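Just so we're aligned, residue 1 is where the sequence shown starts under our numbering, counting upward by one.
Glycine residues also receive a C-beta, built at the ideal position from the N, C-alpha and C atoms.
Everything numeric in this text was worked out from a predicted model, so none of it was measured.
In what follows, a single structure is set out as structure tokens and then discussed.
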Amino acid sequence: MNEAFEQVFGYARAIWRRRWVVLGTAWLVAVVGWVWVYLLENRYEAQARVYVDTQSLLRPLLSGLAVQPNTEQQVSLMTRTLASRPNLEKVARMTDLDLRAKTPQQQEKLYIDLAAAIKLQGTERENLYTIAYQNNSPDVAKRVVQALLTIFTESSLGGARKDISNTQKFIEDQLKGYEAKLLEKEKQLEEFKRRNVGTMPGQGGGFYAKLNEMNVALEQAKLELEEASNRKKQLQQQLDDQEEVLSMPMPGSTATSSALDGRISALQTQVDNLRLRYTDLHPEITRTKQLISRLQEQKKQEEDAAVKDQPKGAIKAQNPVYQQLSIAIAETDANMASLKARVAQIQNKRNLLSSSVDRIPQIENEFTQLMRDYDVYKNNYASMLARRETASLSGEVESKTDVVDFRVIDPPRVPSKPAWPNRPLLVAAVPFGGIGLGLALAFLLAQLRPTVESRRQLSELTTHPLLGMVTMIETDQARSSKRRSNLLFAAGGAGMVLALLAQMIYYLVLSPAA
Numbered sequence: 001m002n003e004a005f006e007q008v009f010g011y012a013r014a015i016w017r018r019r020w021v022v023l024g025t026a027w028l029v030a031v032v033g034w035v036w037v038y039l040l041e042n043r044y045e046a047q048a049r050v051y052v053d054t055q056s057l058l059r060p061l062l063s064g065l066a067v068q069p070n071t072e073q074q075v076s077l078m079t080r081t082l083a084s085r086p087n088l089e090k091v092a093r094m095t096d097l098d099l100r101a102k103t104p105q106q107q108e109k110l111y112i113d114l115a116a117a118i119k120l121q122g123t124e125r126e127n128l129y130t131i132a133y134q135n136n137s138p139d140v141a142k143r144v145v146q147a148l149l150t151i152f153t154e155s156s157l158g159g160a161r162k163d164i165s166n167t168q169k170f171i172e173d174q175l176k177g178y179e180a181k182l183l184e185k186e187k188q189l190e191e192f193k194r195r196n197v198g199t200m201p202g203q204g205g206g207f208y209a210k211l212n213e214m215n216v217a218l219e220q221a222k223l224e225l226e227e228a229s230n231r232k233k234q235l236q237q238q239l240d241d242q243e244e245v246l247s248m249p250m251p252g253s254t255a256t257s258s259a260l261d262g263r264i265s266a267l268q269t270q271v272d273n274l275r276l277r278y279t280d281l282h283p284e285i286t287r288t289k290q291l292i293s294r295l296q297e298q299k300k301q302e303e304d305a306a307v308k309d310q311p312k313g314a315i316k317a318q319n320p321v322y323q324q325l326s327i328a329i330a331e332t333d334a335n336m337a338s339l340k341a342r343v344a345q346i347q348n349k350r351n352l353l354s355s356s357v358d359r360i361p362q363i364e365n366e367f368t369q370l371m372r373d374y375d376v377y378k379n380n381y382a383s384m385l386a387r388r389e390t391a392s393l394s395g396e397v398e399s400k401t402d403v404v405d406f407r408v409i410d411p412p413r414v415p416s417k418p419a420w421p422n423r424p425l426l427v428a429a430v431p432f433g434g435i436g437l438g439l440a441l442a443f444l445l446a447q448l449r450p451t452v453e454s455r456r457q458l459s460e461l462t463t464h465p466l467l468g469m470v471t472m473i474e475t476d477q478a479r480s481s482k483r484r485s486n487l488l489f490a491a492g493g494a495g496m497v498l499a500l501l502a503q504m505i506y507y508l509v510l511s512p513a514a
């Protein structure tokens, strides 16, 4: 620790011996630096603040009706490309700075200087941005900031409107293409239907579905015809069992025939009910019919005996059961004729389909392909129409409303005080820089021409034992010269301080830019 302290103290003594080098260097640097600070051109900074409002009330109202551009992304992209080459060229033209650049090299330097001097500060979260630019001329700085503000507020909207215009043009071109394809398919369908009239696939299914339907309908019609034929046979049998004319006894005859008629009618009703469940060969029906025959024979015998016993002029009348059965048979015949015609018609259609078993599936396949292509073009055309309306509405929204609202919080302004240079700071820094340079120069000279400052250094340099030391006794003349030297050094340092204070007062109080 003592060795280090002694070494540092030795360096300090060596520098102190060369203090005039430090003072001279400090004065030289200070004078040159102060002149340089004085000759520096002022640069004025123009600023403007703008707020981007992306929360439009139209956004929720037009949801699903119009395309809503991503305004946050557009604004973010605009902030990153504000100092792009096309925008710099626009700024140069708008502010007439391009008139100063005569050669391509000068233009390139102009754009580089513009890009370096333009500053855009802000946060995407708050959407509040500050545009700043520094120039030697306050008017130029203000015009550049105004041009940047114009570009910032218009470029994002112009880009969105250009995108919508390009989208509308693309959709129009696609609509024309799909319309031509749709018309072509419609003509092909019309020609196909005209060429295959009568054999076009129906709405109920394909060829095999139709053929199966015809088979089912034919079987149903034949079954109904067979049921009608069986009903006619049953009705005919019932008619054969009835007499067309009934002989009515004269008043005063016995009531025996009435009792027989009641029994015969009851048995006949029973037979009709049994025939609904069984055939005529069923034992119950056969036994009942035999009983009816015996009763009818008995009735006839009694009527014959009554006729013989009664005088002439007995009453005869039509049998109402016979008449009803005759009417039912006639209706059944008409129904059978209709069913026969229906069976014949269905059979003809089935035969026609069977004869086209090789041709109809090919027609159906071709028709399916045509309809598939037609439906695709039709759906795409309808989708393009809807998208065209959406794009048109989006264009109206962009052109007639402010989806993004740019609010200029602070218009471009230039303070009277220059933004650079900060002369008081530079003036104060220059002397300290000179002193530092002087100390470095003095230290370098001390290293180039070293001197022995202590007994220890002497012992280390000579490697011989130190026998003694001789103290230098200064004379009065030497002490007086030393005091004058110290006073002159102090006066030099004080003069630098006074010069610094004078310049600080000038720049802070008396200068027009203060």
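- Sequence-distant Cβ neighbours of Q447 in its own chain, meaning closer than 8 Å and more than five residues away, do not exist here.
- Within the DSSP secondary-structure output, L467 pairs in no beta bridge.
- Distance from the CA atom of R80 to the CA atom of T150, rounded to whole angstroms, is 16 Å.
- The three-state secondary structure of I409, taken from DSSP, is strand.
- P418 places its beta carbon 8 Å or farther from that of V145.
- In the same chain as V343, and ignoring 5 residues on each side of it, the C-beta atoms closer than 8 Å to its own belong to L218, A221, K222, L225, in chain order.
- Looking at the backbone, the Cα of L487 and that of L40 are separated by about 35 Å.
- Within the DSSP secondary-structure output, R49 pairs in a beta bridge with T130, D410.
- With distances taken between CA atoms, Q121 lies nearest to R49 out of R387, A490, R49, A30.
- Rounded to the nearest whole angstrom, the CA to CA distance from V376 to A391 is 22 Å.
- Setting aside the 5 residues that flank it on each side, L498 has no residue in the same chain whose C-beta is closer than 8 Å to its C-beta.
- Shortest Cα-Cα distance from N422 to any of I329, G436, V37 involves V37.
- In this structure, the beta-carbon distance from V140 to T95 falls below 8 Å.
- By the neighbour-count criterion, in which a residue is buried when 16 or more other Cβ atoms sit within 10 angstroms of its Cβ, V52 is buried.
- The Cβ atoms of A228 and L325 do not sit closer than 8 Å to each other.
- Contact check for L353 against K210 passes: the beta carbons are separated by less than 8 Å.
- Using a 10 angstroms sphere on the CB of G438, the tally of other CB atoms reaches 16 or more, which defines it as buried.
- Counting only residues of its own chain and dropping the five nearest sequence neighbours on each side, L274 has a CB closer than 8 Å to the CB of H282, E284, I285, T288.
- DSSP places Y278 outside both helix and strand once states are collapsed to three, so it counts as coil.
- Across the structure, Y133 and D98 are spaced so that their CA atoms are roughly 17 Å apart.
- One thing to note: R43 has its Cβ within 8 Å of the Cβ of W420.
- Judged by beta-carbon spacing, I264 lies beyond the 8 Å limit of Q236, meaning their Cβ atoms are not closer than that value.
- According to the DSSP assignment, S481 belongs to the alpha helix (DSSP H) that extends over 476-505.
- Distance between A26 and F5, taken at the CA atoms: about 27 Å.
- Here R19 has F489 as same chain residues with Cβ atoms under 7 Å from its own Cβ, once five neighbours each way along the sequence are excluded.
- By the criterion of a C-beta distance shorter than 8 Å, P138 is surrounded in its chain by Y44, A46, V414, once the five residues flanking it on both sides are discounted.
- Taken through DSSP and simplified to helix, strand or coil, R263 comes out as helix.
- Excluding the 5 residues flanking it on each side, V22 has same chain C-beta neighbours closer than 8 Å at I15, I435, G438, L439, L441, A442, in chain order.
- Just so you know, the alpha carbons of F152 and I131 end up roughly 10 Å apart.
- Shown here, L120 sits in a strand according to DSSP, grouped into three states.
- In the structure shown, N379 adopts helical secondary structure according to DSSP, grouped into three states.
- R449 has no beta-bridge partner at all, per DSSP.
- When DSSP states are grouped into helix, strand and coil, R18 belongs to the coil group.
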